[in-house]
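Okay, structure first, notes after.
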Amino acid sequence: MSNSNVLDFIAETINFMKGCGWNCYVCNACGRNFFSKKQLHGLNVVCNWRSCCKNAKSFKGLGKRKSLLKPSQVAQKIEVHFSSQNLKIRQPLNIVNTQGLTDLVIAGVQSFDDIIHRAQPIREGAFYIAQPCVRMQFQTSVATQDGTSTSFVNVCTESMGADFGSHLLAVDQWCGALSRVGLHMNDFTIVARLSKKDWGTGEFEAFELFFIYEGLELGDAAYLQIPQQHRPHLKISDIGFGLERMTWAVNKTDSYFDTLMPMTGAGTTEMFDACRTLALLALCGVRPANKGAGLQFRRFAKMLSEKYSCEDLYGYLSHYFGYWAQFVVPAIGREDALVRVRLEVERYVNLKVCEMLKLPPPREETTEAYLERMVYTCNASIYDLRQAIKTCKT
292 MSNSNVLDFI AETINFMKGC GWNCYVCNAC GRNFFSKKQL HGLNVVCNWR SCCKNAKSFK
352 GLGKRKSLLK PSQVAQKIEV HFSSQNLKIR QPLNIVNTQG LTDLVIAGVQ SFDDIIHRAQ
412 PIREGAFYIA QPCVRMQFQT SVATQDGTST SFVNVCTESM GADFGSHLLA VDQWCGALSR
472 VGLHMNDFTI VARLSKKDWG TGEFEAFELF FIYEGLELGD AAYLQIPQQH RPHLKISDIG
532 FGLERMTWAV NKTDSYFDTL MPMTGAGTTE MFDACRTLAL LALCGVRPAN KGAGLQFRRF
592 AKMLSEKYSC EDLYGYLSHY FGYWAQFVVP AIGREDALVR VRLEVERYVN LKVCEMLKLP
652 PPREETTEAY LERMVYTCNA SIYDLRQAIK TCKT
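Just so we're on the same page, my numbering is the position in the sequence shown counted from 1, plus 291.
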């Protein structure tokens, strides 16, 4: 993207946003252009990103709904909105990524991975997709940063071959979608940023507009021109929001996880996040393995086994199977998915018992089956086995 293109995009964005009732400012803290419906002056001219506004208001202090919405209800409202705009509704991809550079799908724009990475014919036209995603880089932040999870639904509109004017029209459509679910534009700032990316076909710059809802980043609108070896750059309008974070903004509950865990559940956000993501992987047919998507399956199962084996993990997993079944076409049945997770979680318990008591190694079996086999075929002490299990679960 040349400097002249960038300047043209900024100028066109400013003119378009002003025509839609937005005021353009330059942030006193970070120097970026941003847009607000409000009239700002002096020290108040900040873009409302947390790093730029020391005394930022929390979105939780804004007016609340009389009744809470579930994520599926928010998703339905958004889908109805884009259907009324004559966008095609596309079914989500399986979470396992077989086309691009990542093992798992991390964003809805990966619907184009076969075109970007395998030179398939260009598919023009806009569509809406609610795409379940997994981003492992968030795992270390789940316990400490509210609003973070390793699995979420990326509700997005994608358009290949879109010119920049069409992209801006899609931005305005999203303003309408956000208003439809009760997030008013007066409470947003939209921050412009230019960033460098490389999706494996060469470095390029993306022109991005970030939607900030009183300090909470909800999503972004990116205009991409992705290099190709034997054809012109691919122009893509990629606009996406995290459904679960959007639902949090709509409901303004104390915690992001308030509507993302069973009502009777008690435990850490780390545990519920691991159950959520493991349920998604299992329902999409992922098997435990030592590389790729299966490695992530194995890592979550190991963590749950080592830290939370005394909790009602299988009840929580069943709850999340129901959650994800609203957004994916399951590759296997829920019972089979639960068995697959249970065998992997209990494999680590079995290995510990095996090591502690110097017993024959476990097979692919539940802990109950392993202990029973040890008692009736290897003459292991029931008392010793039960003490070992207690040690594993403390």
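Even glycine gets a Cβ: it sits at the ideal position worked out from N, Cα and C.
Model, not experiment: these values are computed from the prediction.
- Ranked by how close their Cα comes to the Cα of GLY585, the residues GLU449, LEU571, VAL619, SER596 have LEU571 in first place.
- Of the candidates ILE406, PRO553, ALA320, ILE406 places its Cα closest to the Cα of ARG522.
- The residue from LYS329, VAL387, ASN306, ASN339 with its alpha-carbon nearest to that of THR568 is VAL387.
- In the DSSP assignment, GLU449 is bridged to PHE418, ASP529.
- Scanning VAL644, PHE502, LEU634 for the CA closest to the CA of GLU655 turns up LEU634.
- Per the coordinates, the alpha-carbon of LEU360 lies some 38 Å from the alpha-carbon of GLY333.
- Here LEU507 carries a strand assignment [DSSP, helix/strand/coil].
- In chain order, PHE350, LEU353, TYR504, GLU505 place their CB closer than 8 Å to the CB of ASP478, counting only its own chain and leaving out the 5 sequence neighbours on each side.
- DSSP places PRO362 within a helical segment (H, G or I) once states are collapsed to three.
- Under DSSP, VAL425 takes part in a beta bridge, and its partners are SER442.
- Among the bridge pairs identified by DSSP, THR480 is matched with SER327, ILE503.
- When secondary structure is reduced to three states using DSSP, ASP489 falls in the strand class.
- Approximately 34 Å separates the beta-carbon atoms of CYS575 and ASP463; this is outside 8 Å, ruling out the contact.
- Per the coordinates, the alpha-carbon of ALA468 lies some 6 Å from the alpha-carbon of ILE369.
- With fewer than 16 neighbouring CB atoms inside 10 Å of its own CB, HIS475 falls in the exposed class.
- Beta bridge pairing from DSSP links PHE563 with no other residue.
- With a beta-carbon spacing of about 6 Å, LYS526 and GLY452 fall inside the 8 Å limit used to define contacts.
- For ASN542, the uninterrupted alpha helix (DSSP H) segment begins and ends at 534 to 542.
- Across the structure, PHE612 and ARG409 are spaced so that their CA atoms are roughly 33 Å apart.
- With respect to the 9 Å criterion, MET665 and LEU642 are not classified as neighbours on the basis of their beta carbons.
- In this model, LEU459 and GLN617 are separated by some 30 Å (Cα to Cα).
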